[in-house]
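Trainee: Quick one: structure below, then a few questions.
Numbering (the working numbering), first residue to last: 32 to 292.
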């Protein structure tokens with residue numbers, strides 16, 4: 032459920048974040064939110080729309096969220112049926128099926144792709160315990176990530192209980208929802224901050240450039256960054272022996288504010 036996932040994200044970013052704080056941010060009573068998260072009651076369509084705005088969903092995501100809520104909780108049988116039809120339409124147009132939602136989790140949670148890459152490193156044992164040690168995870172969490180990868184053919188379990196990597200494209204049928212993209216980048220930026228504080232300088236590279244540019248050059252800059260990413264990826268793929276999993280995080284954004292015309 033979208034609310035449960037959002038709550039989990041916020042708690043990961045701030046361990047002190049509470050159900051009461053989440054209820055406050057959504058404009059709900061804590062008791063009401065607790066019942067919703069436990070599946071004991073639902074939201075009205077109007078309330079779902081208000082919550083979607085609080086979650087900063089874009090218009091497409093808001094429509095899906097409200098339709099999903101009304102398909103299950105609308106009081107009128109007619110409205111529930113209309114909401115189900117709207118969900119089918121949205122899923123056909125934008126790839127919001129349950130299968131696609133699981134795929135989006137692979138994109139938004141950095142651990143999935145990092146685990147997939149770890150299987151390319153020399154001597155990797157291919158067990159949940161090894162994954163947990165490598166990425167600082169609980170073993171049951173590591174297994175959950177691996178099972179999700181396996182569900183989409185990206186990992187396969189061997190007869191001896193170890194796992195092996197399968198080279199396969201994730202095959203998303205449509206663009207990843209913007210909130211999943213934002214979540215992906217936010218989590219990796221948080222990892223970069225952690226690395227800046229806790230990883231030896233010899234094992235990382237962090238640089239920045241502040242430069243005045245013509246705004247019209249942005250497409251060219253994007254293409255230059257894309258080409259660099261592709262070249263780096265190509266050269267690393269061709270390197271026969273690998274022993275670490277790294278992340279390249281490139282950001283290009285304005286430091287100033289655009290003046291109103």
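The C-beta atom is built at its ideal place from N, Cα and C for all residues, glycine as well. For clarity, every value in this text was computed on a predicted model and none was experimentally measured.
1. Looking only at its own chain, which residues have a Cβ that is under 8 Å from the Cβ of residue 181, when we skip the five neighbours before and after it?
2. Determine which residues share a DSSP beta bridge with residue 188 and list them.
3. Judging by CA-CA distance, which residue of 263, 218, 262 is the nearest neighbour of residue 137?
4. Quick one: residues in its chain with C-beta nearer than 6 Å to the C-beta of residue 197, no 5 flanking neighbours on either side, listed in chain order?
5. For residue 54 and residue 60, I'd like the C-alpha separation in whole angstroms.
6. Less than 8 Å between the C-beta atoms of residue 62 and residue 85, yes or no?
7. So, residue 283 versus residue 256, is the Cβ gap smaller than 8 Å?
8. Give me the Cβ distance between residue 243 and residue 235, rounded to the nearest whole Å; I'm assuming they're in contact under 8 Å.
9. Within its chain, find whatever has a CB closer than 8 Å to the CB of residue 241; leave out the 5 residues flanking it on each side and keep chain order.
10. Roughly how many angstroms separate the alpha carbons of residue 74 and residue 38, rounded to a whole number?
11. Taking only three categories from DSSP, how would you classify residue 80?
12. Contact between the stretch 84 to 99 and the stretch 110 to 123: three or more CB pairs below 8 Å?
13. Going straight from the alpha carbon of residue 210 to that of residue 90, what length do you get?
14. Taking the CB atoms as reference points, tell me whether residue 50 and residue 64 lie closer together than 8 Å.
15. How should residue 224 be labelled, buried or exposed, when 16 other C-beta atoms within 10 angstroms of its C-beta is the threshold for buried?
16. Compute the distance between the beta-carbons of residue 76 and residue 105, then report whether it is under 8 Å.
17. Under 7 Å Cβ to Cβ from residue 45, same chain only, skipping five residues before and after it: list those, please.
18. Going by DSSP in three states, residue 65 sits in which element: helix, strand or coil?
19. Under 8 Å, with one C-beta from each stretch per pair, do the stretch 137 to 149 and the stretch 165 to 174 reach the 3-pair mark?
20. Does the Cβ-Cβ distance between residue 152 and residue 275 come in under 8 Å?
21. Check whether the Cβ of residue 240 lies closer than 7 Å to any heavy atom of the ligand GDP, and answer yes or no.
22. For residue 290, name the three-state secondary structure that DSSP assigns.
23. What residue range does the alpha helix (DSSP H) around residue 180 cover?
24. Applying the criterion that 16 or more other CB atoms from any shown protein chain within 10 Å of the CB defines a buried residue, is residue 204 buried or exposed?
25. Rounding to the nearest angstrom, what Cα-Cα distance links residue 212 and residue 81 in this structure?
26. For the alpha helix (DSSP H) containing residue 250, name the first residue and the last one.
Mentor: According to the data block:
1. In the chain shown, the residue the question calls residue 181 occupies position 150. Taken in chain order, the residues that qualify are 187, 188, 194.
2. Sequence index remark: in the chain shown, residue 188 carries index 157 (1-based). Answer by DSSP bridge pairing, in chain order: 194.
3. Within the chain shown, the letter at position 106 stands for residue 137. Per the Cα distances, 218.
4. As a working note, residue 197 is residue 166 in the chain shown. Here the set comprises 184, 185, 187.
5. In the chain shown, counting from the first residue as 1, residue 54 sits at position 23. In the chain shown, counting from the first residue as 1, residue 60 sits at position 29. Their Cα atoms are separated by approximately 6 Å.
6. In the chain shown, counting from the first residue as 1, residue 62 sits at position 31. In the chain shown, counting from the first residue as 1, residue 85 sits at position 54. Cβ distance not < 8 Å, so residue 62 and residue 85 don't count as in contact.
7. As a position in the chain shown, residue 283 is number 252, starting the count at 1. As a position in the chain shown, residue 256 is number 225, starting the count at 1. Yes, they are a contact pair.
8. Looking up residue 243 in the chain shown gives position 212. Looking up residue 235 in the chain shown gives position 204. Not a contact, Cβ separation roughly 28 Å.
9. Numbered from its first residue, the chain shown carries residue 241 at position 210. The answer, listed in chain order, is 286.
10. Within the chain shown, the letter at position 43 stands for residue 74. Within the chain shown, the letter at position 7 stands for residue 38. Going by the C-alpha atoms only, they are around 16 Å apart.
11. The count along the chain shown starts at 1 and reaches residue 80 at position 49. If DSSP states are grouped into helix, strand and coil, residue 80 belongs with the helices.
12. yes
13. Taking the first residue of the chain shown as position 1, residue 210 is located at position 179. Taking the first residue of the chain shown as position 1, residue 90 is located at position 59. Cα to Cα, the separation comes out at about 12 Å.
14. Position 19 of the chain shown, counted from the first residue, corresponds to residue 50. Position 33 of the chain shown, counted from the first residue, corresponds to residue 64. Yes, the pair counts as a contact, with Cβ atoms nearer than the cut-off.
15. The sequence position of residue 224 within the chain shown is 193, counting from 1. With fewer than 16 other Cβ atoms within 10 Å, it is exposed.
16. Stepping through the chain shown from its first residue, residue 76 is reached at position 45. Stepping through the chain shown from its first residue, residue 105 is reached at position 74. Yes; because the gap between Cβ atoms is below 8 Å, this pair is in contact.
17. Taking the first residue of the chain shown as position 1, residue 45 is located at position 14. Same-chain partners within the cutoff: there are none.
18. Here residue 65 is taken as the residue at index 34 of the chain shown, counted from 1. Correct three-state label for residue 65: helix.
19. In this structure the stretch 137 to 149 lies against the stretch 165 to 174, because at least three pairs of beta carbons, one per stretch, are closer than 8 Å.
20. The count along the chain shown starts at 1 and reaches residue 152 at position 121. The count along the chain shown starts at 1 and reaches residue 275 at position 244. Yes. Within cutoff.
21. The model depicted lacks the ligand GDP and carries no ligand whatsoever.
22. In the chain shown, residue 290 corresponds to position 259, counting from 1. It is coil, neither helix nor strand.
23. In the chain shown, the residue the question calls residue 180 occupies position 149. Looking at the DSSP string, the run of the alpha helix (DSSP H) that includes residue 180 is 170 to 182.
24. Counting from one through the chain shown, the residue named residue 204 turns up at place 173. Unreliable placement is indicated for residue 204, whose pLDDT of 47 sits below 50; the coordinate value is still reported in the next sentence. Flag for residue 204 reads exposed.
25. The sequence position of residue 212 within the chain shown is 181, counting from 1. The sequence position of residue 81 within the chain shown is 50, counting from 1. The alpha-carbon atoms of residue 212 and residue 81 are separated by roughly 22 Å.
26. Translated into the one-based positions of the chain shown, residue 250 becomes position 219. Counting along the chain, the unbroken alpha helix (DSSP H) around residue 250 starts and ends at 249 to 269.
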